[in-house]
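Q: Structure in structure tokens, see below.
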Amino acid sequence: MKRLLRFLLLPVAVYVERFLLLYANAQAMCTSFKMEILNGSHAFGAQAANGVRTVTTKDVFKLALFLASASRGAADTVYDTTGELAGTGNYTQGGVTLTNATEPNTSGTTAFWTPSASASWTNLTSSGAFDAAVLYNSTATGKEEVSVHTFSSQSITGADFTLTMPTNDATTGLIRIA
Amino acid sequence: MSQILIHKLVRNGWPQDCEQEMIEESLLERTEGSIDNEHEHTVWTEWRLDGKIVKRGAHVHLKKNVAAEAVAAMFGS
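Residue numbers (the working numbering), protein chains in the order written: chain A, 1 to 178; chain B, 179 to 255.
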């Protein structure tokens, strides 16, 4: 009887395991972003003339919210709306533009960058529970994705949602290259 | 008596498209909660009317995030 029960429940267990593995956001820096850094595809700050090239205009970076049922992670390459909150309840797909008033910096052997202000959504009603924010380069033609940041699952109903950035240093900065 | 803007419970399920109305805040049950771990400090506030959430806001403070390790290879063995 036990064997029969185990046989019958096995497909259910496999399905549940696959569901849990396939539908979860994972905090990560996108692998493609690491390559794009080497290609000089992102400008988080404006450089002074350095004899090689001069980047005087920073790119615009945005933060978008994703449902807990989505599966964003290191394998992402570009921003898209798959798994994003629906464009209802005062949420606009594409997310919000981040304030970028602080140049990337270094401390010890670590380089870091953090947006200089919180990201917030006013009078939001989310289309479902969400637990991830995707950072991407909105200036880039392909909307190249930088990273996925996870937090406890939240559902917002007719109220504000604020995402406050971590301390901008080599230990906790939003983006760190150590 | 202060008033608060809430969603009317015009249908079951997620009230994203519900109408909103002002209601006396004293009629609502207000609860607050928080999470504090190495990744975040989160505080949320919920307002319930007859046991149903009619308003919920949250503030997530990220603490520590993603880092990439930069590796420079050594020539030779």
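Here a beta-carbon is modelled for each residue, glycine too, at the ideal position from N, C-alpha and C. Nothing here was measured: the structure is a model prediction, and the numbers come from that model.
Could you pull out every residue in the same chain whose Cβ sits closer than 6 Å to the Cβ of Ile177(A), ignoring the five residues on either side in sequence?
A: Locating residue 177(A) in the first sequence gives position 177, where the first residue counts as 1. Excluding sequence neighbours, Ile177(A) sits near Ala111.
Q: Could you give the DSSP three-state label for Ile156(A): helix, strand or coil?
A: Numbered from 1 along the first sequence, position 156 holds the residue referred to as residue 156(A). If DSSP states are grouped into helix, strand and coil, Ile156(A) belongs with coil.
Q: I need the straight-line Cα distance from Ala245(B) to Glu218(B), nearest angstrom please.
A: In the second sequence, counting from the first residue as 1, residue 245(B) sits at position 67. In the second sequence, counting from the first residue as 1, residue 218(B) sits at position 40. Going from the Cα of Ala245(B) to the Cα of Glu218(B) covers about 16 Å.
Q: Helix, strand or coil for Leu199(B), going by three-state DSSP, please let me know.
A: Position 21 of the second sequence, counting from 1, holds the residue named residue 199(B). One point to set straight first is that residue 199(B) is Glu, not Leu, in the sequence displayed. If DSSP states are grouped into helix, strand and coil, Glu199(B) belongs with the strands.
Q: What residue from Arg234(B), Lys242(B) and Leu183(B) has the CA that sits closest to Gln154(A)'s CA?
A: By 1-based counting over the first sequence, the position of residue 154(A) is 154. Comparing Cα-Cα distances from Gln154(A) to each of Arg234(B), Lys242(B) and Leu183(B), the minimum goes to Arg234(B).
Q: Is the Cβ-Cβ distance between Ala74(A) and Ala28(A) less than 7 Å?
A: The residue you call residue 74(A) lines up with position 74 of the first sequence. The residue you call residue 28(A) lines up with position 28 of the first sequence. Their beta carbons are under 7 Å apart, which means Ala74(A) touches Ala28(A) by this criterion.
Q: Inspect the CB distances between the region 84 to 103 of chain A and the region 126 to 144 of chain A and report whether three or more fall short of 8 Å.
A: With the cut-off at 8 Å, the region 84 to 103 of chain A and the region 126 to 144 of chain A touch.
Q: Judging by CA-CA distance, which residue of Ser147(A), Asp169(A) and Gly158(A) is the nearest neighbour of Gly108(A)?
A: Indexing the first sequence from 1 puts residue 108(A) at position 108. When each option's Cα is compared against that of Gly108(A), the closest is Asp169(A).
Q: Using the rule of at least 16 other Cβ atoms within 10 Å of the residue's Cβ for burial, across every protein chain shown, is Ser127(A) buried or exposed?
A: Stepping through the first sequence from its first residue, residue 127(A) is reached at position 127. Classification for Ser127(A): buried.
Q: So, for Ala236(B): in the same chain, excluding its five sequence neighbours on each side, which residues have a beta-carbon less than 8 Å away from its beta-carbon?
A: The sequence position of residue 236(B) within the second sequence is 58, counting from 1. Counting only Cβ-Cβ distances below 8 Å, and skipping sequence neighbours, we find Thr220, Val221, Trp222 and Thr223.
Q: If you measure from the beta carbon of Ala26(A) to each beta carbon in chain B, is any gap under 7 Å?
A: By 1-based counting over the first sequence, the position of residue 26(A) is 26. Chain B, which has no Cβ nearer than 7 Å to the Cβ of Ala26(A), makes this no.
Q: Using a cut-off of 7 Å between C-beta atoms, extract the partners of Ser155(A) located in chain B.
A: Position 155 of the first sequence, counting from 1, holds the residue named residue 155(A). What Ser155(A) touches in chain B: Arg234.
Q: What whole-angstrom Cβ distance do Trp113(A) and Ile156(A) have, given they're in contact under 8 Å?
A: Stepping through the first sequence from its first residue, residue 113(A) is reached at position 113. Stepping through the first sequence from its first residue, residue 156(A) is reached at position 156. Not confirmed; about 27 Å, so no contact.
Q: Going along chain B, which residues have a C-beta under 7 Å from His42(A)?
A: Counting from one through the first sequence, the residue named residue 42(A) turns up at place 42. The premise fails here: His42(A) is roughly 13 Å from chain B at the closest Cβ pair, so nothing lies under 7 Å.
Q: Return no unless some Cβ of chain B is closer than 7 Å to the Cβ of Ala80(A).
A: Numbered from 1 along the first sequence, position 80 holds the residue referred to as residue 80(A). According to the sequence as given, residue 80(A) is Asp; it is not Ala. So, not an interface residue.
Q: Determine the chain A residues that contact Leu240(B) at a beta-carbon separation under 8 Å, and present them in chain order.
A: Residue mapping note: residue 240(B) aligns to position 62 of the second sequence, counting from 1. Near Leu240(B) (Cβ distances below 8 Å), the residues of chain A are His149, Phe151, Leu163, Thr164, Met165, Pro166 and Leu174.
Q: Under 9 Å, CB to CB, which of the residues in the region 218 to 233 of chain B have a partner in chain A?
A: Those residues of the region 218 to 233 of chain B that come within reach of chain A (Cβ to Cβ, closer than 9 Å) are Glu218, His219, Thr220, Trp222, Thr223, Glu224, Trp225, Ile231, Val232 and Lys233.
Q: Just checking my contact of Thr172(A) with Lys241(B) at CB under 8 Å: how many whole Å lie between their CB atoms?
A: As a first step, residue 172(A) must be located in the first sequence, where it is residue number 172. As a first step, residue 241(B) must be located in the second sequence, where it is residue number 63. Right, the Cβ-Cβ distance comes to about 6 Å (below 8 Å), so this counts as a contact.
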